[in-house]
Amino acid sequence: AEDTGVRVELAEEDDGTKSPIALRLWVEDAKKLKGKYKDSGAIEFTFDLETEVSETVAQEMVDSGFFLDSDVKVISKSIRDRVALIKWRRQRIVSG
Amino acid sequence: YSAALVVHSAGRRFIVSPVPESRLKDQ
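This is the structure in structure tokens:
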């Protein structure tokens with residue numbers, strides 16, 4: 056996937072069954088963000104793979120002051136890519 | 011700094027903690 060400068064990883068072991076899963080997001084390359092990033096560190100949150108969309112949580116991060124509005128797309132994309140990977144991996148385990 | 015908890019009005023909890031050195035971009 057395209058390097059957004061933002062990393063999103065699992066913050067817990069994926070047992071392949073739970074729909075809400077803990078993720079951790081942090082900025083690896085602040086130069087890729089449009090807005091000024093104040094060093095907040097790693098942000099851990101729970102995301103529901105079945106019912107939630109990445110745009111919602113990205114907007115909540117902006118609302119909470121972690122990022123500026125101009126970066127909501129990059130945050131959202133970073134989360135979406137990771138979520139797609141988790142879902143793909145689960146699908147593979149189920150079908151294989 | 012230590013971990014901080016930020017709760018969004020929609021109810022989601024964000025736990026903020028320092029990024030471990032080893033996870034910063036070095037690859």
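Protein sequence lines, in the order shown, are assigned to chains A and B. Going by the working numbering, the letters in the first sequence line up with residues 56 to 151, in that order. Going by the working numbering, the letters in the second sequence line up with residues 11 to 37, in that order. For each residue, glycine too, the CB sits at the ideal point set by N, CA and C. Everything numeric in this text was worked out from a predicted model, so none of it was measured.
For residue i, the nearest candidate out of the options (CA to CA)
| i | options | result |
| --- | --- | --- |
| A/Asp118 | B/Ala13, B/Ser12 and B/Phe24 | B/Phe24 |
| B/Arg8 | A/Ile76, A/Gly60 and A/Val149 | Lying outside 11 to 37, the shown extent of chain B, residue 8 of chain B is not represented and no answer is given. |
| A/Arg137 | A/Asp70, A/Arg79 and A/Gly71 | A/Arg79 |
| A/Lys91 | A/Val82, A/Glu99 and A/Lys142 | A/Val82 |
| A/Val63 | A/Ser131, A/Ser74, A/Ile148 and A/Ser150 | A/Ser131 |
| B/Ala14 | A/Arg147, A/Val149, A/Asp124 and A/Ser95 | A/Ser95 |
| A/Ala66 | A/Leu104, A/Ser150, A/Glu107 and A/Glu99 | A/Glu99 |
Cβ-Cβ separation, residue j to residue i (assumed contact under 8 Å), whole Å
| i | j | result |
| --- | --- | --- |
| A/Val36 | A/Thr59 | What the structure shows of chain A is the stretch from 56 to 151, and residue 36 of chain A is not part of that stretch, so it cannot be assessed. |
| A/Asp103 | A/Ser74 | 5 Å |
| A/Ser125 | A/Lys89 | 4 Å |
C-beta neighbour in chain B for residue i, strict 9 Å
| i | result |
| --- | --- |
| A/Glu99 | yes |
| A/Ser95 | yes |
| A/Glu115 | yes |
| A/Ser131 | no |
| A/Phe121 | yes |
| A/Asp126 | no |
| A/Trp143 | no |
| A/Val112 | yes |
| A/Asp136 | no |
| A/Gln146 | no |
Under 9 Å between C-beta atoms of residue i and residue j
| i | j | result |
| --- | --- | --- |
| B/Pro28 | A/Ala97 | yes |
| A/Gly71 | A/Arg135 | no |
| B/Val17 | A/Gly120 | no |
C-beta neighbour in chain A for residue i, strict 9 Å
| i | result |
| --- | --- |
| B/Phe24 | yes |
| B/Ala20 | yes |
Inter-stretch contact at 8 Å, needing at least 3 Cβ pairs: the region 110 to 117 of chain A / the region 141 to 148 of chain A
no
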